[in-house]
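Beneath this line is the structure, given in structure tokens, with notes to follow.
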Amino acid sequence: MAYTFADLHGVQRILFSKGDDGRPRGSNEISGLCIEYYGPRRPAIIGQWISEGSSLTLEQRERITGITLLVTKDTMTYRDRYHLGRVVQVSIFTSTRTEMYLNDSSLSMDEHNILRFQESRLEELSSLAWIFNDVWDYSRVIYSPKASGSQLLTWDPFKISVYRPWIAPQKALFKETNQDDILSSAAGFYGLKYPYVIVGLRLNYESGVSIDIGDVTGPQAPRSIELDRSESIIGIELFKDMLGLVSINVCFSASSRI
């Protein structure tokens, strides 16, 4: 097993490596990245460098604000406990644009694990870790607080992160880009395999910013939530069965359901 990581600050260029025949990763899989920096820092290779594919060049003041990884579900190894897969697509979000590699529209979100990492007004993307062996990849973005004394903690009462360590929790704030940009509406999305299970949320803010959590490629739930600026959210109730999340109640002056 190998452990690699790279800083996400001051990035000048990102080069993507794909696999090849007879190598530990196939030609339709991303084996690793090479990250070059502005200034005197040496390039950092994370994952496995096998065959150079595409590249992405960033302007000097262009920041990486989000990374989304699409990972296969078919690799179930490591003592038969962890359902770890291989990276087949990487999306890079910057302060000015979005780039995707491999740009394959046939990849189904429902058939892959989606790992989304997005900055907020409280946290920024600090580094990218890529742990791997000859069978699977385990990639994670490390966050750091934008201001000292502020830290976001994930509440995990059912110990999901212990039993499913391959997942990556997403975070969305009621106030997003600044203290005045508040959540204005939210909609749920059903999965394709189980059409009554909520697998994703789309959160819309007054500024026009939209944040997706989970898979939002399926049908939208018939009811959504519209928030008034004068209302305060006082509670959220989640209802699930053996297959997943089936209902969300958001409580303010009157209860609403997605």
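According to our numbering, the sequence shown is numbered sequentially starting from 26. The beta-carbon is built from N, C-alpha and C at its ideal position, and this holds for glycine as well.
Residue state for Val224 is assigned as strand, using DSSP reduced to three classes.
A straight line joining the alpha-carbon of Ser186 with that of Gln37 spans about 33 Å. By the neighbour-count criterion, in which 16 or more other beta carbons inside 10 Å mark a residue as buried, Asp240 falls on the buried side. Per DSSP, Val275 is one residue of the beta strand (DSSP E) stretching across Leu270 to Cys276. A direct Cα-to-Cα measurement between Ala197 and Asn229 gives close to 11 Å.
The three-state secondary structure of Ile75, taken from DSSP, is coil.
Taking Glu124 as the centre and dropping the five residues before and after it, the same chain places the C-beta of Leu81, Ser116 and Ile117 closer than 8 Å to its C-beta, in chain order.
Between the stretch 140-151 and the stretch 86-95 there are three or more inter-stretch CB-CB distances shorter than 8 Å, so the stretches are counted as touching. Counting along the chain, Ser152 sits inside the beta strand (DSSP E) bounded by residues Glu148 to Phe157. Residues of the same chain with a CB within less than 6 Å of the CB of Ala212, apart from the 5 flanking positions on each side, are Arg227, Gln245 and Ser249 in chain order. Residue pairing by DSSP places Pro170 opposite Glu148 in a beta bridge. Pairwise C-beta distances place the stretch 173-183 out of contact with the stretch 153-161, as fewer than three of them are shorter than 8 Å. In terms of CA proximity to Ile238, Val224 leads the group Gly216, Phe30, Glu251 and Val224. Tyr219 is the residue among Tyr219, Gly243 and Arg66 whose C-alpha sits nearest the C-alpha of Val271.
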